[in-house]
Amino acid sequence: MLIETERLLLRELKENDFDGLYKVLADPDIMRHYPYTFDKTRVKNWIQRNIERYRIFGFGLWAVCLKETGEIIGDCGLTMQLINGQIRPEIGYHIRSDKQRKGYAKEAAIAVRDWTFINTPFNIIYSYMKHTNEPSFKTAISYGCRQVDEFLDETNEITKVFAISREAWANR
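At position 89 of the sequence shown the residue is numbered 81 (our numbering), and the sequence of numbers has no breaks.
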C-alpha cells in the first residue's frame, strides 16, 4: 500500500521504522495529550500492532514520509477505535515536532480520508482527542470534520469527537 500526496508518501510501517517513529512517539511535547509518552517497548509494540492491523483489516496507521527524502516524520492512518462506547473508524496522526505547523498532518489526513471513502464501505470517519489538544482538533477540522460529540472519560477527562460523512466528503 502506498499513498502519494504533493509532499508525502504514506506506506505501511516496517520494523526498521523504529528509530524514526521513536523520535515522534517518545517526544513528551508531542504526546502531552496522550495518556503516556512511549518507551522503546511501546514503540515496537505500536509497529507490530499496525502490521497486524494491515493483515486483519487491510489498513492501520501508516508511516508518513517526506517524498523528497523518504524520511519518516510521523504516522497517520485509519484504525478501529472505541469512541464513547462504539467501535468506529478513526483517522489518527502524529507528526514529529520539527515538522509540525507545516500542513503535513492535514495533507496526510486528507489522503487517508480520501483513501477510506474510496476503498472502504465506511460512511462516517471520526477523529477523537483530549479536549485540550487544540492542534489535533484543528487538523480534524482542516480535513473536513465537524465536532459531533464530547464526553467524559477516565483517560482524557473530556474527549472531543469530530467526524466527516461520505456525503459531506462527496459534496466538498
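For each residue, glycine too, the CB sits at the ideal point set by N, CA and C.
Q: Quickly, what does DSSP pair residue 81 with across the bridge? List them, please.
A: Per DSSP, 72.
Q. Which residues bound the alpha helix (DSSP H) around residue 106?
A. Per DSSP, residue 106 belongs to the alpha helix (DSSP H) from 96 to 111.
(Q) Check for me: the alpha helix (DSSP H) holding residue 158 runs from which residue to which? (A) For residue 158, the enclosing alpha helix (DSSP H) begins and ends at 158 to 162.
Q.
Measuring straight from C-alpha to C-alpha, what distance separates residue 36 and residue -5?
A. Just so you know, the alpha carbons of residue 36 and residue -5 end up roughly 23 Å apart.
Q) Where does the unbroken beta strand (DSSP E) through residue 18 begin, and where does it stop? A) Neither: residue 18 is in no beta strand (DSSP E) and is coded neither H nor E.
**Q.** Buried/exposed call for residue 108, threshold 16 Cβ in 10 Å
**A.** With 16 or more Cβ atoms within 10 Å of its Cβ, residue 108 is classed as buried.
Q: Below 8 Å on the Cβ atoms is my guess for residue 140 versus residue 154; work out the distance and round it to an integer in Å.
A: The beta carbons of residue 140 and residue 154 sit about 7 Å from each other, so the pair counts as a contact at 8 Å.
Q: With distances taken Cα to Cα, identify the nearest neighbour of residue 86 among 76, 156, 59, 30.
A: When only C-alpha atoms are compared, the closest one is 30.
Q) Just checking my contact of residue 118 with residue 151 at CB under 8 Å: how many whole Å lie between their CB atoms? A) The pair is not a contact, with the Cβ atoms about 11 Å apart (cut-off 8 Å).
Q | For residue 62 and residue 21, the rounded distance between their alpha carbons | A | Separation of residue 21 and residue 62 (C-alpha to C-alpha, rounded to the nearest whole angstrom) is 24 Å.
Q: Please state whether DSSP places residue 61 in a helix, a strand or coil.
A: Residue 61 falls in the coil class under three-state DSSP.
Q | Under 8 Å between C-beta atoms of residue 97 and residue 131 | A | The answer is yes: Cβ separation under 8 Å.
Q | Spatial distance of residue 133 from residue 126 (CA atoms) | A | Each residue's alpha carbon lies about 11 Å from the other.
Q) Can you name the start and end residues of the beta strand (DSSP E) that residue 143 belongs to? A) From DSSP, the beta strand (DSSP E) with residue 143 extends over 138 to 145.
Q.
In the DSSP assignment, the beta strand (DSSP E) including residue -4 goes from what residue to what residue?
A. Segment -6 to -4, the beta strand (DSSP E) holding residue -4.
Q) Is it the case that the Cβ atoms of residue 57 and residue 1 are separated by a distance below 8 Å? A) Going by C-beta atoms, residue 57 is nearer than 8 Å to residue 1.
Q: Count the other C-beta atoms from every protein chain shown that fall within 10 angstroms of the C-beta of residue 160, then say buried if there are 16 or more, exposed otherwise.
A: By the Cβ neighbour-count rule, residue 160 is exposed, with fewer than 16 other Cβ atoms within 10 Å of its own.
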